[in-house]
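Residue numbers (my numbering): 178 to 721. Backbone N, C-alpha and C define an ideal beta-carbon position, used for all residues, glycine too. Since the structure is predicted, the reported quantities are computational estimates derived from the model, not experimental observations.
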Ligand code: ADP
């Protein structure tokens, strides 16, 4: 067979050739723009040509700090297609982490949304590798700024070449993208994606048993384009010729509901917090969501009760998936096998709330202290993954040794695997609660709390305990706090778990702290309450 190179530029060229009239709807700071793939492809070529004029060469890293909009999508294709590396930077990182990753990546040019300029203005004197800044706004003039040289994206594009030819020298193993993990502990770690890994991962997003993205779809990825390439959906949707809806800066649940309704979105994707927010909006106002054929949810465990509400009350099919920055990200997806279709609704929900079965192309193992665990849905072990879109190291990072061993990625996720091969994440290694030598799953407890009608969000964390080593504490955000809710929740949870699993205390909060990508920041709670039992004797932390 031919030694054909699997490249990102060929994906854009397909959209340009076969779907020139299909549209991308893009919400920006001041507009909602509608722009065809023909226009997008021309603008991608213009952008690649001006980056080249600015001195960007093959292998150089070009950073983006941006929301989900058409300019960011153009950068997704222009940068890899000219042989450079698209480095999507998480806009919610601290200044310290921003400085670290921009310097570690050695970004040469930064493309920055206008409203995010202040983040870089504050630290620009500590970014020696950056030679030019480009502001991505709706205007052709660059705003006044300390950044220099600062160009406006639209101004530059006017001077670009719409017929620019992409480099023909690409090898499929060349780097195309770079994304840092969001650093729940320590400094962020960089993961480099290749043209080949993006190509193969995108292909799998199109499979019917996976996300089934197709030309018929209107795809709205809510997951940020700075978080694992928006789960690869910008690449796949463009390649497969789907229409796209990009929700832009500072969207709200209301904006999302309106976009789904007005643009007839068929598939959307994001972390559970987004969908919990949408559910609250749907309770306040009614929207027509009948165009939706799938909400893809991943990044942290989807509470079964949320899946039930979307499917039964709002008739929106829900799809639970699992992955991580190191895995491009798709590893597993939870879809029933045909012989599971005749199970009861409750049994089906229990299966679909799991993280699911590994997608074709990857291999997994679940390894406990005594080797591979039994496929019984009970025994717990760490999930290991390998395959063509799984990283084999972090970018120039000593910590690679801890996660990549014997050809496998050690995910740090503790899971069970059942007889059908469906995995269920019990916890991240660092979130597991070890009480009296036994493991308690914080995820199971959280899902149980979130199944109570008065509970909006719940996080359960381990705190050190003098006798039991660790004990669980629960943190709950309730819809309305009645005086007896704590007792009611304790009763509710006690019916479902052994006594020693029941959290010692239920603490009501206005909000659960979140990470930069909207997951529960359990580390913050663990740190704040780490002395809970230390003080227990005299001066217990106020739990109200
Ligand atoms: P970070 O490590 O900063 O959170 P990632 O986005 O790479 O950044 O997170 C990957 C992790 O998120 C996985 O290792 C896993 O712990 C968790 N995760 C992802 N999807 C799911 C899911 N569907 N259910 C439970 N946990 C998930």
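Could you give the distance in angstroms between the alpha-carbon of residue i and the alpha-carbon of residue j?
i, j, result
"residue 574", "residue 350", "20 Å"
"residue 199", "residue 419", "7 Å"
"residue 445", "residue 452", "10 Å"
"residue 330", "residue 312", "6 Å"
"residue 344", "residue 229", "11 Å"
"residue 714", "residue 706", "Residue confidence for residue 714 is low, a pLDDT of 41 falling below 50, so the modelled location carries little weight and cannot support an answer."
"residue 568", "residue 370", "8 Å"
"residue 305", "residue 281", "11 Å"
"residue 205", "residue 382", "27 Å"
"residue 720", "residue 682", "Caution is warranted here: a pLDDT of 34 is assigned to residue 720, below 50, making its placement in the model unreliable, and the coordinate value is therefore given only provisionally. Each residue's Cα considered, the two are about 8 Å apart."
"residue 515", "residue 525", "11 Å"
"residue 611", "residue 646", "7 Å"
"residue 697", "residue 289", "27 Å"
"residue 560", "residue 690", "27 Å"
"residue 409", "residue 366", "19 Å"
"residue 318", "residue 584", "50 Å"
"residue 294", "residue 321", "11 Å"
"residue 296", "residue 677", "46 Å"
"residue 529", "residue 586", "25 Å"
"residue 197", "residue 191", "9 Å"
"residue 140", "residue 238", "Past the boundaries of the shown model lies residue 140; the chain is included only from 178 to 721, so the question cannot be answered."
"residue 718", "residue 324", "Confidence at residue 718 is low in this model, with a pLDDT of 40, below 50, so the placement of that residue should be treated as unreliable; the coordinate-derived value is given next. Going by the C-alpha atoms only, they are around 47 Å apart."
"residue 373", "residue 615", "43 Å"
Can you name, in chain order, every residue of its own chain whose Cβ lies under 7 Å from the Cβ of residue i, other than the five neighbours on each side?
i, result
"residue 629", "666, 669"
"residue 436", "397, 422, 424, 442"
"residue 662", "631, 655"
"residue 189", "218, 221, 254, 258, 415"
"residue 470", "443, 444, 494"
"residue 211", "200, 202"
"residue 407", "245, 398, 400, 401"
Any heavy atom of the ligand ADP closer than 6 Å to the beta-carbon of residue i?
i, result
"residue 625", "no"
"residue 265", "no"
"residue 297", "no"
"residue 501", "yes"
"residue 387", "no"
"residue 511", "no"
"residue 593", "no"
"residue 472", "no"
"residue 476", "yes"
"residue 605", "yes"
"residue 532", "yes"
"residue 602", "yes"
"residue 358", "yes"
"residue 516", "no"
"residue 574", "no"
"residue 237", "no"
"residue 608", "no"
"residue 590", "yes"
Leaving aside the five residues before and after residue i along the sequence, list all residues of the same chain whose C-beta is less than 8 Å from its C-beta, in chain order.
i, result
"residue 377", "183, 538, 565, 566"
"residue 710", "640, 641, 642, 643, 648"
"residue 299", "272"
"residue 399", "245, 424, 428, 433, 445, 446, 447, 451"
"residue 405", "356, 500, 501, 502, 505, 506"
For the beta strand (DSSP E) containing residue i, name the first residue and the last one.
i, result
"residue 446", "444–447"
"residue 604", "600–605"
"residue 204", "200–204"
"residue 595", "Premise fails: residue 595 is in no beta strand (DSSP E) and is neither H nor E."
"residue 312", "309–313"
"residue 436", "Here residue 436 belongs to no beta strand (DSSP E); instead the alpha helix (DSSP H) covers 430–440."
What does a CB cutoff of less than 6 Å around residue i pick up in its chain, not counting 5 residues either side in sequence?
i, result
"residue 488", "495"
"residue 227", "333, 337"
"residue 552", "594, 596"
Could you give the first and the last residue of the continuous alpha helix (DSSP H) run that contains residue i?
i, result
"residue 540", "Counting along the chain, residue 540 falls outside any alpha helix (DSSP H), though it belongs to the beta strand (DSSP E) covering 540–545."
"residue 662", "662–671"
"residue 373", "372–382"
"residue 251", "247–258"
"residue 281", "272–282"
"residue 330", "330–336"
"residue 214", "214–230"
"residue 579", "577–580"
"residue 620", "619–627"
Okay, do the region 421–433 and the region 231–247 touch, 3+ Cβ pairs below 8 Å being the bar?
Contact between the region 421–433 and the region 231–247 is present, because at least three Cβ pairs lie under 8 Å.
Taking three-plus beta-carbon pairs below 8 Å as touching, is the region 609–621 in contact with the region 631–643?
In short, these stretches touch, since the Cβ pair count reaches three.
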